Amino acid sequence: MSRAGAKEPKPYDPPPGWTVTDRPMTIAFLGWARLGLQGKEGSGYNLSASDLASGLAISGHRVVYLRSGFEYSFRPGPFIRKFETWRGIDCYHLFNSPNLAPALFNFKNMDKERSCPKQTSLVLRWLDEQNAQSVHIHSLEGFSIDLVGANRRTGRPVVITTHNYWPVCPQVDLLYNETHVCTDYEGGKRCESCFDPAPPFNAKMRRRIEQTALRRFGAPAANLVRALMTTRVKLKRGEFKANGLEPDDAPPDDELALGFDVEGDRSHDGTLGRRFDIDPEELPPELGRSPIDQNERFLGATHHLKVLNDYGKRRVEGVEMLNEASLVTPPSGFMCRVYESMGVRPERLRQVRLGQPHFDAMNRRTRRWPYYKVRPWDPESARRPLRLAFFGTVRHNKGLDVLVRAIPLLDPDIRRRCQFLIRAAGPDTIHRKRLAPYPEVSFLGGYDTDQLLAATGEFDVGILPFVWFENSPLVLLEFLHAGKFVISSRLGGPPEWVVEPGSEGSGANGGLGNGLLFPGGDPEALAERIRRVATGEVTLPSPAEVHAVSKLHSYPAHVREVESIHRSLLEGSGAEKGAAERADRGGHPGGVSGGPRTPPDHMPRPVAR
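Per my numbering, the very first residue in the sequence shown carries number 2; after that it's consecutive.
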């Protein structure tokens, strides 16, 4: 199943000054996305995992990777094949996984997600064949929960970096219907109405057909098959349109007869006359609003382990899985506290802040900028608008709709002092239509890290209007590395990085801080924060002043920290010490258990009501 005729790329040589170990380890990474695609598949999670794996390989360690839940074929049963070598990392794919990835497709498959001894045995055999000394899991989507405990019983350490809440939430974001923070999952009963995805069998069959066409006949055939299957679905739903296009049915500009005469109305609000008739069914669902103290309310709740169905059982077993790991390393302290509030032992948790190569490149670029110590904008001396930027996607959890609703709420005088740059991957037509009357808004589509590096000179303030318990969003860290002031939802981990003016921690830059926080999902509150900046009520700090109060972590430091974690686990005692001897003894003594598991004594017992 490896790519026919594909050249094996050479591993990267260590760059000047990079530390290379004289005691190499073999570390197996697990995830669902293709590692070499980095952020193009799996978004921030895969970008973080792939850069970390690459850094460890450059440091002289042997890194292998296993992907599961995405590749399917008509060959019976699950099996593993090498797919490619990327940056010196041998990448393998587990085909025909009983568990689908991403998690959305597996939402109706809780039995297999909770325990799948057949799949787990296959993974353990692969780890043995690779002589893996340690395992680093960045996503278990596409695997089953019982894998961690089974692997630990072999004596092999397991580090889990949680980029989302998958261990306790099959939706992964603790976001009901992808729009509202799930403050109470009601023992699992609320999960039953959260999603209604296609049955797992349907998703697997579609992938078998499309991917087999790709592997046997190439991309043109696969694209044709995909188009035919998509057309079939649209016909079934009544969504198919002639030629796939529709005429522009926007009514004429209200000011069509004026030409370029603006003398008639000096009090005009600056909007354009181009407006669209919007079908209410086109509108995205209104996103949930959270109180400013939503974090504290969630952490203080006592109902997180109530069990009323299989989703409830899955949460309890997910918590137990984290307790069975050698170490769980969320990038944010908030995520650590969420897991602790649900019963994960504090000694199992350690915050490990993210470092990325492109973070460092942005930081260096900013420090070398001639305007590094210059405050970017103030209303008294400004000869251009205040430039505010959104970077992300159109997915509901990123909260673009909150910004779209906030802009029309601004007083026209405030709005006209601003320019909004929206870089959002995905279909954004409805958002463009809604903001068409406002010439201060530019939609510029998706972006990659190279464009991001160039774009840091194009805006003054970054906006993060997400509506879920964010962990350690890459976009927030990108803004701060670029020396940008931010306006962010107060949900999840970001308050650990955002220092408000005059707050504790702002003294390092004279009390200016590096951002403002607002209640998640609240467009009125977001509009008010924008007003405070646009009027000068809040002074924008220089990039140097932003850096002075921001907790930022370099990529080399991140790689060294993770390297030291695996080293300390392998050089520990007991079961972990045994993992260091795996290459000499072969095999795994623990086996796989598909039987019932009992929560450890320290963990709150599930309550059935």
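For every residue, glycine included, the Cβ atom is placed at its ideal position computed from N, Cα and C.
These numbers come from a predicted model, not from an experiment.
Nearest-angstrom Cα separation, counted from Ser116 out to Arg491: Reading the sequence shown from its first residue, position 490 is the one you call residue 491. Reading the sequence shown from its first residue, position 115 is the one you call residue 116. The alpha-carbon atoms of Arg491 and Ser116 are separated by roughly 36 Å.
Those residues which DSSP pairs with Asp91 across a bridge: Mapped onto the sequence shown, residue 91 falls at position 90. Its beta-bridge partners are Val65 and Thr86.
As assigned by DSSP and simplified to three states, the class of Leu53: Here the question's residue 53 lines up with position 52 in the sequence shown. Reduced to three states, the DSSP call for Leu53 is helix.
Through-space distance from Gly446 to Pro1, alpha-carbon basis: There is simply no residue 1 to check, as the chain begins at 2 and stops at 610 in what is shown.
Limits of the unbroken alpha helix (DSSP H) element including Gly611: With the chain covering 2 to 610 only, the question about residue 611 has no answer from this structure.
Supposed contact pair Thr330 and Arg346 - C-beta distance, whole angstroms, cut 8 Å: The sequence position of residue 346 within the sequence shown is 345, counting from 1. The sequence position of residue 330 within the sequence shown is 329, counting from 1. Actually they do not touch by this definition, with Cβ atoms about 14 Å apart.
Straight-line gap, Arg598 to Glu318 (C-alpha atoms, nearest Å): To locate residue 598, count along the sequence shown from 1; it is residue 597. To locate residue 318, count along the sequence shown from 1; it is residue 317. At Arg598, the pLDDT of 39 sits below 50, so the modelled position is not reliable; the number obtained from the coordinates is stated separately. Going from the Cα of Arg598 to the Cα of Glu318 covers about 8 Å.
Gly274 burial status per 10 Å Cβ neighbour count (16 or more: buried): Mapped onto the sequence shown, residue 274 falls at position 273. Flag for Gly274 reads exposed.
With 16 other Cβ atoms within 10 Å as the buried cut-off, status of Tyr66: What you label residue 66 is simply residue 65 of the sequence shown in a count that begins at 1. Buried: at least 16 other Cβ atoms inside 10 Å.
4 or more residues per run - each alpha helix (DSSP H) lying fully within the stretch 475 to 538: 475 to 482 and 524 to 535
Straight-line gap, Ala581 to Lys119 (C-alpha atoms, nearest Å): On the sequence shown, position 580 is the one that residue 581 refers to. On the sequence shown, position 118 is the one that residue 119 refers to. Because the pLDDT of Ala581 is 44, which lies under 50, any placement of that residue in the model is unreliable, and the number read from its coordinates should be weighed accordingly. Between Ala581 and Lys119, the C-alpha separation is close to 26 Å.
CA-to-CA distance, Gly260 to Gly514, given in whole angstroms: As a working note, residue 514 is residue 513 in the sequence shown. As a working note, residue 260 is residue 259 in the sequence shown. Looking at the two C-alpha atoms, the distance is approximately 47 Å.
Identity of the residue in Asp449, Ala549 and Leu105 nearest Trp498 by Cα: Counted from its first residue, the sequence shown places residue 498 at position 497. Residue Ala549 is the option with its Cα nearest to Trp498.
Straight-line gap, Ala1 to Ser473 (C-alpha atoms, nearest Å): There is no way to answer for residue 1, as the model of the chain reaches only from 2 to 610.
Helix, strand or coil at Lys307 according to DSSP, with G and I counted as helix: Reading the sequence shown from its first residue, position 306 is the one you call residue 307. The answer is strand: DSSP assigns Lys307 an E or B state.
Simplified DSSP state of His181, which is helix, strand or coil: Sequence index remark: in the sequence shown, residue 181 carries index 180 (1-based). It is a strand residue.
Paired residues, beta bridge with Ala151 - DSSP: One-based indexing of the sequence shown puts residue 151 at position 150. Note: Ala151 sits in no beta bridge, so no partner.
Segments assigned beta strand (DSSP E), at least 3 residues, entirely inside the stretch 92 to 168: 135 to 138 and 159 to 161
Cβ pair count under 8 Å reaching 3, the stretch 304 to 318 against the stretch 287 to 295: no
Local Cβ density within 10 Å of Gly521, reported as buried at 16 or more and exposed below that: Here residue 521 corresponds to residue number 520 of the sequence shown, with the count starting at 1. Looking at its Cβ environment, which holds 16 or more other Cβ atoms inside 10 Å, Gly521 is buried.
Cβ neighbours of Ala426 in the same chain (closer than 6 Å, five flanking residues each side left out): As a working note, residue 426 is residue 425 in the sequence shown. Correct list, in chain order: Thr394 and Gly447.
Start and end residues, alpha helix (DSSP H) containing Arg217: Against the sequence shown, residue 217 aligns to sequence position 216. Its alpha helix (DSSP H) spans residues Pro201 to Phe218.
Closest residue to Ile146 among Gly156, Pro253 and Asn107 (Cα-Cα distance): Taking the sequence shown and counting its residues from 1, one reaches residue 146 at position 145. When each option's Cα is compared against that of Ile146, the closest is Asn107.
Alpha helix (DSSP H) runs contained entirely in the stretch 257 to 334, provided each spans 4 or more residues: 295 to 301 and 311 to 325
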